[in-house]
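Asks:
Residue numbers (our numbering): 723 to 917.
Set out below in structure tokens:
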């Protein structure tokens with residue numbers, strides 16, 4: 723694993739906030755099991771919110787010209803984790819991305835996964851995450867069409883509140899010909915295994 727940089731995170735302030743949180747729930751942050759917890763939480767937050775310190779769409783700027791005109795490019799089951807901005811609890815899932823290049827303009831497959839991860843590593847809503855990935859692909863690649871489908875389990879819904887363990891949320895964002903042409907959209911959904 724690479725070292726986490728703290729970017730704009732105020733690590734001492736975050737550690738102090740975690741200590742206060744532990745006091746607020748009736749814990750003693752100085753007991754043996756919790757002594758390193760404020761530091762660990764600060765380091766964990768630096769990692770899971772690293773998307774604030776980058777432009778995730780920039781990954782898509784690494785492009786190639788290839789004779790792959792009007793044929794779909796699909797990356798399925800991109801794993802991601804994020805934090806729900808309403809409860810600061812994790813949601814975990816998979817992103818599925820399809821796009822149809824314009825004039826053979828493609829990007830590296832790993833760049834799509836890096837884009838998803840960059841947007842996911844912020845306090846998020848699944849709906850926004852889906853839209854941000856789709857809009858980044860449109861902006862950076864100018865494709866003929868884009869389809870992003872994200873499926874995730876939200877712990878803010880499964881471990882608290884309704885406690886609906888196993889419930890999944892599915893969101894989609896569709897642009898260009900994949901929105902306008904039902905046959906092309908159906909083909910994409912079929913290839914993604916979502917039809």
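By construction, the Cβ of each residue, glycine as well, lies at the ideal position given by its N, Cα and C atoms.
My understanding is that residue 855 touches residue 870, with C-beta atoms under 8 Å, so please give their C-beta distance in whole angstroms.
Replies: About 5 Å separates the two Cβ atoms, so the contact holds.
Asks: Taking 8 Å as the cut-off, decide whether the C-beta atoms of residue 900 and residue 835 are in contact.
Replies: Against a cut-off of 8 Å, the Cβ pair of residue 835 and residue 900 comes out as no contact.
Asks: Ordered along the chain, which non-local residues of its own chain (more than five positions away) have a Cβ less than 7 Å from that of residue 787?
Replies: Answer for residue 787: 826, 827, listed in chain order.
Asks: Roughly how many angstroms separate the alpha carbons of residue 799 and residue 742, rounded to a whole number?
Replies: Distance between the alpha carbons of residue 799 and residue 742 is about 39 Å.
Asks: Decide yes or no for the touch test of the segment 884-902 against the segment 755-774: beta carbon pairs closer than 8 Å, at least 3 of them.
Replies: Contact fails: fewer than three Cβ-Cβ distances are below 8 Å.
Asks: Would you say residue 796 lies against chain B (beta-carbon separation less than 8 Å)?
Replies: The displayed structure is made up of one protein chain only, and chain B is not part of it.
Asks: Which residue wins for smallest C-alpha separation from residue 810, given the options 894, 910, 881?
Replies: For residue 810, the nearest C-alpha among the options comes from 881.
Asks: Which residues share a DSSP beta bridge with residue 802?
Replies: Paired residues: 815.
Asks: Does DSSP put residue 810 in a helix, a strand or coil?
Replies: Here residue 810 sits in coil by DSSP.
Asks: Leaving aside the five residues before and after residue 877 along the sequence, list all residues of the same chain whose C-beta is less than 6 Å from its C-beta, in chain order.
Replies: 811, 812, listed in sequence order.
Asks: Per the DSSP calculation, residue 795 is bridged to which residue(s)?
Replies: DSSP lists 821 as partners of residue 795.
Asks: I'd like to know whether the C-beta atoms of residue 824 and residue 866 end up nearer to each other than 8 Å.
Replies: Contact flag set, yes.
Asks: For residue 905, name the three-state secondary structure that DSSP assigns.
Replies: It is helical.
Asks: Please determine, among 850, 829, 758, the residue with the shortest C-alpha to C-alpha distance to residue 789.
Replies: Considering only alpha carbons, the answer is 829.
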